[in-house]
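Read the structure below first, then the notes.
Residue numbers (my numbering): 30 to 309.
In structure tokens:
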């Protein structure tokens, strides 16, 4: 069984100042097309279903000025949470935590808790702790390391002036493991909203024809995100999916709203159109 690290809320400061999140994906390989940025979409969906609002997804190269400018811009815009991915490894260009330290003028030093995590991994492999491996334990002063259950580099959480800066590895399996096994439980405690999703599948009716109904529903239900996604051809094989994301203070409230919106839209479509096929 994998060891799961659970943090008590006493180890954290107050919840973030708001539910707004900026995602900063670092890595030149993302910009030159060598690596597909799947981390962004995965994180955005996870955060959205936890009740947070993703305001920006930004990709920057492994360069200090580029990274620093975006980090500072996120903080100046009062992002409650800034999540970075990439740049936590042992190589010369893995400098995300150094960049954060320099940007915020916070000492960059070995975090003893992080060092113990890194040591444990390499001791299990009977490998020495080289300076490159020790580098993965260096963080901005005051950081809380996040255990990496499938890799070597710990993640990092730092509270700064009302915002949380969270750094995760760029390797998708490691990023997901830290998020789901360590970070998600904390985010759930912070989240003020619950989200429920429904999908309506409509065949045989053009997206352009349904558009006025979706606009009407969006204006009526302000606590929901309603969006059509075309999956077929508008001309001769129309097939769309209508996504409904409803928010509420409780899971029951969110589910009730999603169900109400779904029924309302289906009734509108069935009243106005004939010949289409609707699935929910």
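For each residue, glycine too, the CB sits at the ideal point set by N, CA and C.
Decide if residue i is buried, meaning its Cβ has at least 16 other Cβ atoms within 10 Å, or exposed.
i, result
"residue 139", "exposed"
"residue 49", "buried"
"residue 37", "With a pLDDT of 42 at residue 37, under the threshold of 50, the predicted position of this residue should be treated as unreliable, and no value is reported."
"residue 242", "buried"
"residue 16", "No answer is possible for residue 16: it lies beyond the span of the chain, which begins at 30 and ends at 309."
"residue 280", "exposed"
"residue 146", "buried"
"residue 89", "buried"
"residue 141", "exposed"
"residue 65", "exposed"
"residue 240", "exposed"
"residue 74", "exposed"
Along the beta strand (DSSP E) that carries residue i, what are the first and last residues, could you check?
i, result
"residue 55", "49-55"
"residue 250", "Taken as a continuous stretch (DSSP letters only), residue 250 belongs to no beta strand (DSSP E), as it is neither H nor E."
"residue 164", "First-last for residue 164: undefined, no H or E at that position."
"residue 184", "184-189"
Is the closest heavy atom of the ligand ZN to the C-beta of residue i under 8 Å?
i, result
"residue 59", "In the structure on display, the ligand ZN does not appear, and there are no ligands present to speak of."
Any idea which residues DSSP pairs residue i with across the strands?
i, result
"residue 256", "272"
"residue 308", "230"
"residue 88", "54"
"residue 114", "54, 197"
"residue 62", "Answer is none; residue 62 lacks a bridge partner."
"residue 82", "49"
"residue 277", "223"
"residue 192", "189"
Under 8 Å by Cβ, that's how I've got residue i and residue j pegged, so tell me the actual separation to the nearest angstrom.
i, j, result
"residue 100", "residue 111", "7 Å"
"residue 271", "residue 231", "7 Å"
"residue 229", "residue 291", "6 Å"
"residue 191", "residue 304", "Their Cβ separation, rounded to whole angstroms, is 54 Å, which puts residue 191 and residue 304 out of contact at 8 Å."
"residue 79", "residue 217", "6 Å"
What residue does the alpha helix (DSSP H) around residue i start on, and which one ends it?
i, result
"residue 300", "280-301"
"residue 204", "201-207"
"residue 154", "Segment: none, residue 154 is in no alpha helix (DSSP H) and carries neither H nor E."
"residue 72", "67-78"
"residue 212", "From DSSP, residue 212 is part of no alpha helix (DSSP H); its letter is neither H nor E."
My output table needs one value for residue i: the three-state DSSP class, helix, strand or coil.
i, result
"residue 33", "At residue 33 the pLDDT is 40, less than 50, meaning the model places this residue with poor confidence; the figure from the coordinates comes in the next sentence. Here residue 33 sits in coil by DSSP."
"residue 107", "coil"
"residue 40", "Low per-residue confidence applies at residue 40: pLDDT is 49, beneath 50, and the placement is therefore not dependable, though the value from the model is reported in the following sentence. It is helical."
"residue 121", "coil"
"residue 241", "helix"
"residue 175", "strand"
"residue 235", "coil"
"residue 132", "helix"
"residue 138", "strand"
"residue 263", "coil"
"residue 223", "strand"
"residue 45", "coil"
"residue 170", "coil"
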